[in-house]
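Protein chains in written order, with this note's numbering: chain B, 1 to 143; chain U, 144 to 443.
Report on the following structure.
In structure tokens form, the structure reads like this:
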């Protein structure tokens, strides 16, 4: 009996580790997004979006963009295929909306932003889906 | 029976936490005896400011794009590493060398890049964050000029991971120092180039824009000035830099952006707003002198 419980324990520990590892392969999404950066774009940052879920629907990131530069924000998530929604809005330092990846019911997985004014910008992620926990990542590149 | 169940629970717990404990031991051993107290603001607020600070690669990229020649005399000597004995100096100079590595990478100066890589690896190991610096991969990419994009991606990702790890381990003050060193080195390169070239306009504007970053770094240093005595010293040096930037103005004019759809369906945002930097030649002289002063204090 003791032997059986011991073996069962080992198996359970394995399952716990396996399920944790399977939980969210976020690095896979980051790599996918990096690979989708077009030529001449330099990778700058990763904004992981695994914090989003139905009870935490909004995550905000900030970055200083430079005048004359072009930035590409790529979004990669498990919801990309079924269009269940990660909305990314870009705001200037005065919190005025400049653009969004969501328009007329369609989600796009890439925003290309040409900056005219150096300053602080807000990148706000909102989740419209109902998955318990969203698994995904987004990558910022510059040229 | 009870003992067995306890054993099972420990086994499950151990499998989840063992990785963290060994690295924790390593870095605890490397920290100075000097105690760094927690800052007065939340880690979340600190992280938010830190993520705003742009990559020093942007300056190197600008220089290369505008045809400025590579000059390694502007960089810190990679052999000076033995002088950096405290965790404070190590963190600052890790940032300095990080910018130097990015600069030599952008210009595809492989020999210099490999020297900086060696110094970075050594400093990172001494700070117990060497596990995040994939020396062999980066060295391999640096010696093959076809892989520039991948080299920059892997290097940037390594540094981002170091920053994230330091924050997660409540070593945010070191992360702040790392970013500060990286920024100072980039601004120093920019200021030295501005002095050398005839067509100064673009570089003058870029120097003026650094006021935005300086304000963020100063905020970060302020958070730690009551908790880390080393940062008090650095903050004093930064006071002259803040004064040099005092008269610089950045005027913003908002114009509606134009939004369109690209060939692959991507959203294209053309921002028509503009910024105008107001900065005098005297401001530039003062900024250059202050940056040099702070940098010298860091690298000596």
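Glycine residues also receive a C-beta, built at the ideal position from the N, C-alpha and C atoms.
List, in chain order, every chain U residue whose beta-carbon is nearer than 8 Å to that of residue i.
i	result
residue 53 of chain B	None at all; the shortest Cβ gap to chain U is about 18 Å.
residue 120 of chain B	195 and 355
What does residue i reach in chain B if we use C-beta pairs closer than 9 Å?
i	result
residue 397 of chain U	92, 94, 96 and 117
residue 299 of chain U	42, 43, 44 and 45
residue 200 of chain U	42, 44 and 142
residue 194 of chain U	45, 47, 61, 62 and 63
residue 406 of chain U	Going along chain B, no residue has its Cβ under 9 Å from residue 406 of chain U, so there is no contact; the nearest lies around 11 Å.
So, helix, strand or coil for residue i, using DSSP?
i	result
residue 127 of chain U	The first residue shown for chain U is 144 and the last is 443, placing residue 127 of chain U beyond what the model contains.
residue 276 of chain U	coil
residue 111 of chain B	strand
residue 126 of chain B	strand
residue 229 of chain U	coil
residue 404 of chain U	strand
residue 170 of chain U	Here residue 170 of chain U scores only 46 on pLDDT, less than 50, and its place in the model should not be relied on; the value that follows carries that caveat. Helix, per DSSP.
residue 193 of chain U	helix
residue 240 of chain U	helix
residue 143 of chain B	coil
residue 437 of chain U	helix
residue 312 of chain U	coil
residue 286 of chain U	coil
residue 136 of chain B	strand
residue 62 of chain B	strand
residue 428 of chain U	helix
residue 245 of chain U	helix
residue 101 of chain B	coil
residue 118 of chain B	coil
residue 56 of chain B	strand
residue 222 of chain U	helix
With respect to the beta strand (DSSP E) encompassing residue i, which residues constitute its N-terminal and C-terminal limits?
i	result
residue 418 of chain U	417-421
residue 77 of chain B	70-77
residue 89 of chain B	86-91
residue 392 of chain U	392-396
residue 211 of chain U	From DSSP, residue 211 of chain U is part of no beta strand (DSSP E); its letter is neither H nor E.
residue 413 of chain U	410-413
For residue i, I'd like the list of residues in its chain whose CB is within less than 6 Å of its CB, leaving aside the five on either flank, ordered along the chain.
i	result
residue 165 of chain U	Unreliable positioning characterises residue 165 of chain U in this predicted model, as indicated by a pLDDT of 48, which lies under 50. A coordinate reading is not provided.
residue 70 of chain B	114 and 143
residue 100 of chain B	89
residue 335 of chain U	217
residue 51 of chain B	59
residue 397 of chain U	416
residue 320 of chain U	234 and 235
Kindly indicate the opening and closing residues of the alpha helix (DSSP H) around residue i.
i	result
residue 330 of chain U	315-339
residue 254 of chain U	253-269
residue 367 of chain U	344-367
residue 374 of chain U	372-388
residue 207 of chain U	200-208
So with CB distances below 7 Å, who are the chain B contacts of residue i?
i	result
residue 400 of chain U	98 and 99
residue 191 of chain U	62
residue 303 of chain U	45 and 46
residue 204 of chain U	42
residue 413 of chain U	114
Using a Cβ cut-off of 7 Å, pull out every chain U residue sitting near residue i, in sequence order please.
i	result
residue 34 of chain B	296
residue 67 of chain B	418
Could you work out which residues of chain B lie near residue i, taking near to mean beta carbons separated by less than 8 Å?
i	result
residue 410 of chain U	99, 100, 101, 103, 108, 110, 111 and 112
residue 222 of chain U	Under the 8 Å cutoff, chain B gives no residues; its nearest Cβ is about 29 Å from residue 222 of chain U.
residue 352 of chain U	66, 67 and 118
In chain order, what residues of the same chain have a beta carbon less than 7 Å from the beta carbon of residue i, not counting five sequence neighbours either side?
i	result
residue 77 of chain B	29, 49, 86, 134, 135 and 136
residue 425 of chain U	none
residue 108 of chain B	101
residue 98 of chain B	90, 91 and 92
residue 116 of chain B	67
residue 74 of chain B	33, 36, 37, 109, 110, 138 and 139
residue 433 of chain U	383, 384 and 387
residue 442 of chain U	219, 223, 236 and 239
residue 359 of chain U	192, 195 and 196
residue 231 of chain U	320 and 373
Is any heavy atom of the ligand GDP found at a distance shorter than 8 Å from the C-beta of residue i?
i	result
residue 233 of chain U	Looking at this structure, you won't find the ligand GDP or any other ligand, since it has none at all.
Does the beta carbon of residue i sit closer than 9 Å to a beta carbon anywhere in chain D?
i	result
residue 112 of chain B	In the structure shown, chain D does not exist; the protein chains are B and U.
query: Going along the chain, which unbroken runs of the alpha helix (DSSP H) with 4 or more residues stay wholly within the stretch 24-51 of chain B?
result: 26-35
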